[in-house]
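Enquirer: One structure is given below, represented as structure tokens, and several questions about it will come after.
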Amino acid sequence: MKVSSKDILKLILSLGITGYILYNSTKTTDWNQIWEALKSFKYEWILVSVLLSLFSHGLRAYRWAMLLGTQGPRPSTWTAFLAVMACYLGNMAIPRLGEVARCTIMKEEKDIPVTFSLGTVITDRLLDLFMLMLLAMFLLAMQFDLLKSYFSQFIDDKLPFLITIWPFLALAGVLGLLAILFFVRKSKEERNPKSIYYKINQKGNELISGIKAIKKVENPLGFWVSTLGIWVLYFAMLYIISFGYAPTAELSLIAGVAVLVMGSLGMAAPVNNGIGAYQALVASILVVYGITYNDGYVFAVVSHGSQVVSVILFGFLSLLILNFRKKKKRIDTNEK
91 MKVSSKDILK LILSLGITGY ILYNSTKTTD WNQIWEALKS FKYEWILVSV
141 LLSLFSHGLR AYRWAMLLGT QGPRPSTWTA FLAVMACYLG NMAIPRLGEV
191 ARCTIMKEEK DIPVTFSLGT VITDRLLDLF MLMLLAMFLL AMQFDLLKSY
241 FSQFIDDKLP FLITIWPFLA LAGVLGLLAI LFFVRKSKEE RNPKSIYYKI
291 NQKGNELISG IKAIKKVENP LGFWVSTLGI WVLYFAMLYI ISFGYAPTAE
341 LSLIAGVAVL VMGSLGMAAP VNNGIGAYQA LVASILVVYG ITYNDGYVFA
391 VVSHGSQVVS VILFGFLSLL ILNFRKKKKR IDTNEK
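Put into structure tokens, the structure is as follows:
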């Protein structure tokens, strides 16, 4: 897949934001203390966490395969898993590039239209947002008094910046909405199959069909159980790492939920793999639960770093397997 100048610009911007966040979140950090703490970590817990993460990726692949199967023959969970791992690896290079990459893989493997696949990916991410919102509401309901001061301070710190940029964000949003409405109207009116507006309409219909695929899954119970299972495993793989580090060894379950919520917000930030944002948010929320910022930062570095290493390893293995399958398919086709 070709990398456009837009992707390169996005990468540069993402790296710039990452650097800024890392600088601001670590400028008062005692790196000697961090290094000593890292050496004291019990790394067997990390292996268990990585194993749990692979199960969560497998469940995501299973759920995605169900969505893709509403269009035609359902791809295997194994093929979907390889595409998902390649997606995570791609996102480490350029944010959101992997989402397009996994749709491209499904086009090559199973001839599923890219725009339809992209629609199912949007549904996949909306489900994640839904689960994250449920967790956040549960957390606020259980710990409102404790978290009120944390979020008040966070808003106070960021309010001047938000006041400065909100007019630009609002203008960009309005212009984007007007552009979408213009293209939608033109594409619906166009009847010439060669027109770009006609093609946009066709692709838009495929995209919407992918988003609506959730209504057509053959096994709704399995679909929603896997959705819940993904987030149970996310919690487990994060919480279990706390056992390997003395300052977090007695972390409460509700504190683990808080870490999951803030860590997920960090991963959603427009930076490469959440680097910087994840560590800053996780370390800051752990302070609320009596853990020092430096100790929280160590926990965040290890929990995040272990997943990065895991994605690099299994992502590359997935790409190798996909490449081998592609070559084998080409050879088999030539022999016929």
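Residues 91 to 426 in this note's numbering are what the sequence shown lists, from first letter to last.
Glycine residues also receive a C-beta, built at the ideal position from the N, C-alpha and C atoms.
1. Measuring only the C-alpha atoms, how far is Ser408 from Ala260?
2. Starting from the C-beta of Val377, find all residues in its chain whose C-beta is less than 7 Å away, skip the five residues before and the five after it, and write them out in chain order.
3. Is it true that the CB of Ser396 sits closer than 7 Å to the CB of Ile136?
4. Is Glu296 closer than 7 Å to Pro203 when the C-beta atoms are compared?
5. How would you write the range of the alpha helix (DSSP H) that Phe313 sits in, first residue to last?
6. In terms of alpha-carbon separation, which member of Glu126, Thr160, Met175 and Ala151 lies closest to Leu410?
7. By DSSP, does Gly366 sit in helix, in strand, or in coil?
8. Work out the CA separation of Asp201 and Lys306 for me, nearest whole Å.
9. Which term fits Ala303, buried or exposed, when burial requires 16 or more other beta carbons within 10 angstroms of its beta carbon?
10. Under a three-way DSSP split, which group does Val307 fall into?
11. Let me know the secondary structure DSSP gives Lys416 once reduced to three states.
12. If you pair each beta-carbon of the stretch 161–179 with each one of the stretch 313–327, do three or more pairs fall below 8 Å?
13. Which term fits Asp235, buried or exposed, when burial requires 16 or more other beta carbons within 10 angstroms of its beta carbon?
14. Which first and last residues belong to the alpha helix (DSSP H) in which Gly159 is found?
15. Among Ser299, Tyr178, Ile381 and Ser374, which has the Cα closest to the Cα of Gly159?
16. In the DSSP assignment, the alpha helix (DSSP H) including Phe171 goes from what residue to what residue?
17. Suppose you measure from the CA of Thr118 to the CA of Lys129; what does that come to, to the nearest Å?
18. I'd like the list of long-range same chain contacts for Phe131, defined as Cβ closer than 7 Å, with 5 residues on each side in sequence excluded.
19. Using the Cα positions of Lys416 and Ile195, report the straight-line distance between them to the nearest angstrom.
20. Taking the alpha helix (DSSP H) that Ala345 falls in, what are its first and last residues?
21. Quick one: what's got a C-beta closer than 6 Å to Tyr240's C-beta in the same chain, skipping five residues either side?
22. Taking a contact to mean a Cβ-Cβ separation below 7 Å, would you say Met327 touches Ser139 in this structure?
23. Cβ of Ala367 within 7 Å of Cβ of Ala390?
24. Buried or exposed for Gly405, please, with buried defined as at least 16 other CB atoms from any protein chain shown within 10 angstroms of its CB.
25. Note down the Cα distance separating Pro360 from Leu157, rounded to an integer number of angstroms.
26. With distances taken Cα to Cα, identify the nearest neighbour of His394 among Met182, Leu237 and Leu230.
27. From this set, Leu144, Glu134 and Glu126, which residue's C-alpha is nearest Val322's C-alpha?
Expert: On the basis of the supplied data:
1. Indexing the sequence shown from 1 puts residue 408 at position 318. Indexing the sequence shown from 1 puts residue 260 at position 170. Taking the straight line from one Cα to the other gives about 41 Å.
2. Working through the sequence shown from its first residue, we reach residue 377 at position 287. Here the set comprises Tyr383 and Gly386.
3. Stepping through the sequence shown from its first residue, residue 136 is reached at position 46. Stepping through the sequence shown from its first residue, residue 396 is reached at position 306. Yes. Within cutoff.
4. Against the sequence shown, residue 203 aligns to sequence position 113. Against the sequence shown, residue 296 aligns to sequence position 206. Cβ atoms of Pro203 and Glu296: closer than 7 Å.
5. The sequence position of residue 313 within the sequence shown is 223, counting from 1. Its alpha helix (DSSP H) spans residues Pro310 to Tyr329.
6. Taking the sequence shown and counting its residues from 1, one reaches residue 410 at position 320. That would be Met175, whose Cα lies nearest to the Cα of Leu410.
7. Taking the first residue of the sequence shown as position 1, residue 366 is located at position 276. It is coil, neither helix nor strand.
8. Position 216 of the sequence shown holds residue 306. Position 111 of the sequence shown holds residue 201. In a straight line, the C-alpha of Lys306 is about 20 Å away from that of Asp201.
9. Sequence index remark: in the sequence shown, residue 303 carries index 213 (1-based). Buried, because 16 or more other Cβ atoms sit within 10 Å of the Cβ of Ala303.
10. In the sequence shown, counting from the first residue as 1, residue 307 sits at position 217. Three-state DSSP puts Val307 in coil, outside helix and strand.
11. Along the sequence shown, read from residue 1 onward, the residue named residue 416 stands at position 326. If DSSP states are grouped into helix, strand and coil, Lys416 belongs with the helices.
12. no
13. Taking the sequence shown and counting its residues from 1, the one referred to as residue 235 is at position 145. The residue is exposed, with fewer than 16 neighbouring Cβ atoms inside 10 Å.
14. Locating residue 159 in the sequence shown gives position 69, where the first residue counts as 1. Where Gly159 is concerned, there is no enclosing alpha helix (DSSP H), given that its DSSP letter is neither H nor E.
15. Within the sequence shown, residue 159 is the residue found at index 69, counting from 1. When only C-alpha atoms are compared, the closest one is Ser299.
16. The residue you call residue 171 lines up with position 81 of the sequence shown. From DSSP, the alpha helix (DSSP H) with Phe171 extends over Thr167 to Ala183.
17. Position 28 of the sequence shown, counted from the first residue, corresponds to residue 118. Position 39 of the sequence shown, counted from the first residue, corresponds to residue 129. Interpretation of Thr118 is limited by its pLDDT of 49, a score under 50 that renders its predicted location unreliable; the figure taken from the coordinates is listed afterwards. Rounded to whole angstroms, Thr118 to Lys129 spans 21 Å at the Cα level.
18. In the sequence shown, the residue the question calls residue 131 occupies position 41. For Phe131, where only same-chain residues beyond five positions count, the Cβ hits under 7 Å are Gly334, Tyr335 and Val392.
19. Residue numbering aside, residue 416 sits at position 326 when the sequence shown is read from its first letter. Residue numbering aside, residue 195 sits at position 105 when the sequence shown is read from its first letter. Answer to the nearest angstrom: the Cα atoms are 10 Å apart.
20. As a working mapping, residue 345 is identified with position 255 in the sequence shown. Note, Ala345: alpha helix (DSSP H), Leu343 to Met357.
21. The residue you call residue 240 lines up with position 150 of the sequence shown. Taken in chain order, the residues that qualify are Val378.
22. For this step, residue 327 is matched to residue 237 along the sequence shown. For this step, residue 139 is matched to residue 49 along the sequence shown. Yes, the pair counts as a contact, with Cβ atoms nearer than the cut-off.
23. Locating residue 367 in the sequence shown gives position 277, counting from the first residue. Locating residue 390 in the sequence shown gives position 300, counting from the first residue. Cβ atoms of Ala367 and Ala390: not closer than 7 Å.
24. In the sequence shown, counting from the first residue as 1, residue 405 sits at position 315. Buried, since its Cβ has 16 or more Cβ neighbours within 10 Å.
25. If you number the sequence shown from 1, residue 360 lands on position 270. If you number the sequence shown from 1, residue 157 lands on position 67. One C-alpha to the other measures close to 26 Å.
26. As a working mapping, residue 394 is identified with position 304 in the sequence shown. For His394, the nearest C-alpha among the options comes from Met182.
27. If you number the sequence shown from 1, residue 322 lands on position 232. Of the candidates Leu144, Glu134 and Glu126, the one whose C-alpha sits nearest the C-alpha of Val322 is Leu144.
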